[in-house]
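Q: Sharing a structure with you now.
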Amino acid sequence: MAACGYYLAKKGIVTPQNKKVLAKISAELTIPALLFTSILACNQDWSTDDCPDVMQAVSSGWILLFLPFWNVGWGMLIGWLGAKISKAPPEFQMSSMVAVAFGNATGLPITLLTVIHSSFGKNTGLGDVDPTLYLSVYLLFNPVLQWTVGRYLLSQPPPELADQPFEPANTPTGGDILKESLLVNTMPDGRLASGDVPPTSVDEGLDMCALDTFTSPDDVGFPEAMVKLRRQMSTDLANEPVPPEEPGCLSNVWETAKAAIKQAAQPTVLGALAGIVVSAIPGFREIFIDTDDRDDDAPMEWFFNGLAKVGAAAVPINMIILGTTLSKGADLSKMPLCPSLMVVFGKMVVMPLIGVATALGLRAMHYRIDDKVGASFYLVVMIVTCTPTANTCMVMAELAGQNKEAMGSAIFMQYLFAPVLLTASVTIFVALASQW
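For the sequence shown, our numbering gives the first residue as 68, with consecutive numbering after it.
Written out as structure tokens, the structure reads:
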């Protein structure tokens, strides 16, 4: 499917403008629809077995709410160490931390989990419970971290530049300008070019200005040009609007909270929340899904089936977007090779190992999870750590004034290695999860 996107981009059918439209359709419609229907889904196969208990599954996977903090913390540490080891340029050190800490947690994981789920039979752990149910729990806090912590890191100056002492520019002062003007407008015999009354001394005239007495300019022997300039400056100052007062601490906190809420209220998050809310209200899920005899005759099942078809389009659209992105290539000269490879190693080798270690640690601590949903739960715990850097990091880098091209080169380098590294990681994850 990604090859289809590559082909369409090379033929000029999918242009950058069209790609933005596809990205908006995916983020605003198909992915939210997929998350909503995946949470409520119950196979309509005329079975007498009970449908999966959504609220029990979500409550047993509560630790996924805090897993983004764990993964982001490790990613920042690994990215920082990689930047130091590879001697990355100072302006890319923060970007390296962000590139490793914030992977693609929506489009690509949904695609992988959907394909894996459909590849297993209904009598298996991965085929019985859709793993995207647990991914929706993980996504509740992940976007908030990405747009708060990630953007904060990218807005910070490089440590090497931040430690340098401030050296003010060699800008002439007002007194220097007036003194130079008086010297230029003074005739060789001491008279002013615009008048017959010389000043007692140049310094005296400047001293009077320094005292901010601002008596009539003619009294201190200013030339006519300076009189006009003085009057113009007075008019401009009088008409200059008064700058607003800086907001207080509480205002800053409130603005930060509003920004975090706005970023958290993404359509993907709202789609997942809507599915959880519908499942939590007794009898509400049964309006959309026949959970009794599973014969597809719920009152609003026609609406649910249509929405499920829309959500099914998320996977091909995401793959077409990925193919068009790779078709553009990247300017690898914007980023040294060694730091880029270190980002690839940290994001697609070390972070997946962190994911496996996290899953093994939860099992060693006897984390309480139903055996029926354990395979899907642990697959999500691991798979969110192996995807390349989220494309939204390029947007954050541009907003923060960082080198967007360097971030794009690091992301492109990860996708070059993805056919090998990502495939290997997913294979290991599926092998482990299917045994648990």
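Think of the CB as a built atom: it goes at the ideal place given N, C-alpha and C, for glycine as much as any other residue.
1. Taking 9 Å as the cut-off, decide whether the C-beta atoms of residue 176 and residue 341 are in contact.
2. Going by alpha carbons, who is nearest to residue 368 out of 73, 102, 74, 107?
3. Quick one: grab the DSSP three-state call for residue 191.
4. Measuring alpha carbon to alpha carbon, tell me which of 402, 364, 127 ends up nearest residue 473.
5. How is the alpha helix (DSSP H) around residue 137 delimited, first residue to last?
6. Quick check on DSSP: helix, strand or coil for residue 217?
7. Check for me: the alpha helix (DSSP H) holding residue 355 runs from which residue to which?
8. Per DSSP, what kind of secondary structure is residue 468 in: helix, strand or coil?
9. Straight-line CA distance for residue 250 to residue 163?
10. Cα-Cα, which of 195, 101, 458 is closest to residue 117?
11. What are the residues that DSSP puts in a beta bridge with residue 338?
12. Quick check for students: name the residue ranges of the alpha helix (DSSP H) that lie wholly in the segment 407-486, counting only runs of 4 or more.
13. Could you check which residue in 392, 352, 467 has the C-alpha nearest to that of residue 105?
14. Once the 5 residues before and after residue 217 are set aside, which same chain residues still bring their CB inside 6 Å of it?
15. Could you say which of 460, 408, 387, 450 lies nearest to residue 490 if we only look at CA atoms?
16. Closest by CA to residue 426, which one among 446, 321, 469, 385?
17. Residue range of the alpha helix (DSSP H) that residue 173 falls in?
18. Tell whether a beta-carbon distance below 9 Å holds between residue 125 and residue 346.
19. Assign residue 361 to one of two classes, buried (16 or more other C-beta atoms within 10 Å of its C-beta) or exposed (fewer than that).
20. Rounded to whole angstroms, what is the Cα-Cα separation between residue 188 and residue 459?
21. For residue 93, collect the residues of the same chain with a Cβ closer than 8 Å to its Cβ; drop the 5 residues on either side in sequence, then sort them by chain order.
22. Closest to residue 132 by CA distance: which of 87, 115, 95, 202 is it?
23. Report yes if the CB atom of residue 136 is closer than 9 Å to the CB atom of residue 75, and no otherwise.
24. Given this structure, state the Cα-to-Cα distance separating residue 470 from residue 114, to the nearest angstrom.
25. Distance check for residue 87 and residue 499, CA to CA, integer angstroms please.
26. Pull up the CB-CB distance for residue 193 and residue 492, whole angstroms please, since I reckon it's below 8 Å.
27. Name the two residues that bound the continuous alpha helix (DSSP H) containing residue 209.
28. If we count the other Cβ atoms within 10 Å of its Cβ and call it buried at 16 or more, is residue 433 buried or exposed?
29. From the DSSP output, in three-state form, read off residue 492 for me.
30. In or out: residue 197 buried (at least 16 other Cβ within 10 Å) or exposed?
31. Touching or not, the segment 410-424 and the segment 389-396, by the rule of three or more beta carbon pairs under 8 Å?
32. By the three-class DSSP mapping on this structure, what secondary structure does residue 81 have?
33. How long is the line joining the alpha carbons of residue 371 and residue 129, rounded to whole angstroms?
34. Let me know the secondary structure DSSP gives residue 203 once reduced to three states.
35. Looking at the structure shown, is residue 268 part of a helix, part of a strand, or coil, going by DSSP?
A: A quick look at the data gives this:
1. no
2. 107
3. coil
4. 402
5. 134-152
6. helix
7. 352-355
8. coil
9. In this prediction, residue 250 has a pLDDT of 47, which is less than 50 and means its spatial position is unreliable; nothing more can be read from the coordinates.
10. 195
11. DSSP output for residue 338 lists no bridge partner at all.
12. 418-431, 438-450, 459-466
13. 352
14. 165, 169, 463
15. 450
16. 446
17. From DSSP, residue 173 is part of no alpha helix (DSSP H); its letter is neither H nor E.
18. yes
19. buried
20. 35 Å
21. 174, 381, 384, 385, 388
22. 202
23. no
24. 56 Å
25. 37 Å
26. The Cβ separation is near 16 Å, so there is no contact.
27. 209-212
28. exposed
29. helix
30. buried
31. no
32. coil
33. 26 Å
34. helix
35. Bear in mind that the predicted position of residue 268 carries a pLDDT of just 42, short of 50, making it too unreliable to give a figure here.
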